[in-house]
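Take a look at the structure set out below.
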Amino acid sequence: MRLVFSNIFTMFKKGSRLYSIFTGTCPRCQEESMYTYKNLYHPAKTLKVDEQCSHCGLRYRIEPSFFYGAMYVSYGVGTAFAVAAFIISFFFFGSGLKTAFIAIMATLVVFMPVIMRVSRNIWINFFVHYDPNAVENHKKNTETEEKQHI
Ligand SMILES: [Zn+2]
Numbered sequence: 002m003r004l005v006f007s008n009i010f011t012m013f014k015k016g017s018r019l020y021s022i023f024t025g026t027c028p029r030c031q032e033e034s035m036y037t038y039k040n041l042y043h044p045a046k047t048l049k050v051d052e053q054c055s056h057c058g059l060r061y062r063i064e065p066s067f068f069y070g071a072m073y074v075s076y077g078v079g080t081a082f083a084v085a086a087f088i089i090s091f092f093f094f095g096s097g098l099k100t101a102f103i104a105i106m107a108t109l110v111v112f113m114p115v116i117m118r119v120s121r122n123i124w125i126n127f128f129v130h131y132d133p134n135a136v137e138n139h140k141k142n143t144e145t146e147e148k149q150h151i
């Protein structure tokens with residue numbers, strides 16, 4: 002049992018994909034959040050992503066309109082939330098189908114910003130992998146660039 006818990010723990014630890022997905026940190030160095038604002042529930046700020054990571058220099062928009070692809074992911078994430086809402090209301094609270102339907106709708110509305118961010122996090126983690134040396138490499142590169150300018 003302890004082994005199971007420690008395995009689950011390492012799955013969410015820094016350096017794992019799930020860590021970046023659930024915290025919204027830079028997928029490459031995981032040193033800082035990709036999002037400009039912490040506040041999820043401000044409509045204009047929910048999806049505001051920084052230009053690039055200040056630790057490892059990764060540009061989050063890998064190509065123009067890169068994050069449109071996250072919409073496909075959000076179908077899956079939204080479905081997962083809907084199924085969870087259904088199971089909780091129907092099986093745990095013994096609600097009728099109508100109430101369960103309302104619970105699903107309410108869950109999707111309330112968690113919309115979470116779903117949108119998690120989908121983006123999953124999307125970018127498809128393309129960018131964690132690199133423990135990212136910060137170090139970025140430092141070296143910017144230093145050599147500076148030297149070249151002198
Ligand atoms: Zn980074």
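Residue 140 in the numbering used here sits at position 139 of the sequence shown, with consecutive numbering throughout. Each residue gets a CB set at the ideal place from its N, CA and C atoms; glycine is no exception.
Exposed or buried, which one is residue i when buried takes at least 16 other CB atoms within 10 Å?
i	result
residue 123	buried
residue 59	buried
residue 78	buried
residue 35	buried
residue 31	buried
residue 61	buried
residue 145	exposed
residue 25	buried
residue 7	exposed
residue 22	buried
residue 130	exposed
residue 63	exposed
residue 3	exposed
residue 135	buried
What residues in its chain sit with their C-beta under 7 angstroms from that of residue i, if we drop five residues either side in the sequence?
i	result
residue 105	83, 86 and 87
For residue i and residue j, which I take to be in contact (beta-carbon distance under 8 angstroms), what is that distance rounded to the nearest angstrom?
i	j	result
residue 48	residue 113	The pair is not a contact, with the Cβ atoms about 11 angstroms apart (cut-off 8 angstroms).
residue 120	residue 50	Contact doesn't hold; Cβ gap of about 13 angstroms is too wide.
residue 41	residue 115	6 angstroms
Might you give, ordered along the chain, the residues of its own chain that have their beta carbon closer than 8 angstroms to the beta carbon of residue i, omitting 5 neighbours on each side?
i	result
residue 96	90 and 104
residue 143	58
residue 12	19
residue 17	11 and 131
Check residue i in the structure and name its three-state DSSP category.
i	result
residue 47	coil
residue 60	strand
residue 149	helix
residue 36	strand
For residue i, which residues of its own chain have a beta-carbon under 6 angstroms away from its beta-carbon, when the five flanking residues on both sides are left out?
i	result
residue 54	27
Can we count residue i as close to ligand 2, meaning its CB is less than 6 angstroms from some heavy atom?
i	result
residue 43	Looking at this structure, you won't find ligand 2 anywhere; what it does contain is ligand 1.
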